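Quick note, the numbering used here runs 1 ahead of the 1-based positions in the sequence shown. One structure is given here, and the rest of the page talks about it.
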Amino acid sequence: IRLAAYYMMNYAVIEPWGTFKSNVAPWLSWPDATMTKKQIKRLKAIADDLGITLIPQINVFGHASQARSLAGKHATLDISPKYQPLFEPLAGWNWCLSNLETRKLLQALIKERYEAFGCPPYFHIGGDEANLPSCPDCSSQPYSKLFLEHIEAMNETISSLGARTMMWHDMLIERGDPRWSGYVVNGTKETAEGFLKFPRDIIICDWYYGAPRASYPSMDYFKSQGFSVLACPWNVTNGTIAQCKYAHNAGIMGVLGTTW
């Protein structure tokens, strides 16, 4: 937070993974979770003093294990396997989108985390790197409709709180589409079709971590579809500079630096 302020950034997205100590669902995190609401209040006070707005994140699609996949851990199911129906069978990596209890839980968690962070103007729902549905209920439904209805429900909850939804881009474009050569693309034809019906108040966080390009067609694509777009570079310095320049010239909403 202090480093972000030093570089005159305006916001910092905080993604707690399994460290957020929830009152709504205490079983969702590690037993020794350290990101308490008291600690968040302290962080927010520091951020406010430095002119930084903290934006909370919770993954509502993939990354549902609340832990890094490389660790082979699942913050919930390793300790509380009875909650398996909330997750897809394939390693619990996805939330089960067809389970209405999953939706209710995520909506309650969004409200809790939003209030814990002092009701900021934005809320990040992740939405990246999800697997194909693996449970019978999800697999038997049109994937585009299931995906669309889930994101619409999350966005409706966030909008009702007075905030705007942010989400990653990679599930919103189709793998194999030649337009996205050089990008990491995880979407299917179905998720790309569902995306076209998304509410236009959602902010698309377009991540590209590679070397400089002459153009960034995904930024232009999302903007042409009526969405606000954030360019999201990582650790390639000249690539970051190129993205920032392109975003500025293209009239993109801004840049969200990632720090994985």
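Heads up, the beta-carbon is just placed ideally off N, CA and C, and yes, glycines get one too. Computed from a prediction, not measured in an experiment: that's the story for all the values here.
* Asked: To the nearest angstrom, how far is it from the Cα of L107 to the Cα of S145?
  -> Here the alpha carbons of S145 and L107 stand approximately 20 angstroms from one another.
* Have a look at the DSSP bridge pairing and note the partners of G255. => Under DSSP, the beta-bridge partners assigned to G255 are L231.
* Between the C-alpha atoms of S182 and R214, what's the straight-line distance to the nearest angstrom? -> Cα to Cα, the separation comes out at about 11 angstroms.
* Where D33 and Q226 are concerned, what is the direct C-alpha to C-alpha distance, given to the nearest angstrom? -> Just so you know, the alpha carbons of D33 and Q226 end up roughly 44 angstroms apart.
* How many Å lie between K190 and G177 at the Cα? -> Roughly 10 angstroms separates the two Cα atoms.
* Three-state secondary structure (DSSP) of A261 -> Note on identity: in this sequence residue 261 is Trp, with Ala being the wrong assignment. In this structure, W261 counts as coil in the three-state DSSP scheme.
* To do: Report yes if the CB atom of L71 is closer than 9 angstroms to the CB atom of I2, and no otherwise.
  => Result no, Cβ atoms of L71 and I2 do not sit closer than 9 angstroms.
* To do: List the endpoints of the continuous beta strand (DSSP E) containing H125.
  => Counting along the chain, the beta strand (DSSP E) containing H125 begins and ends at Y123 to H125.
* To do: Let me know if Y217 comes out buried or exposed under the rule of 16 or more other beta-carbons within 10 Å of its beta-carbon.
  => Result: buried.
* Outcome for T77 when other beta-carbon atoms lying within 10 angstroms are tallied against a minimum of 16 -> The residue is buried, with at least 16 neighbouring Cβ atoms inside 10 Å.
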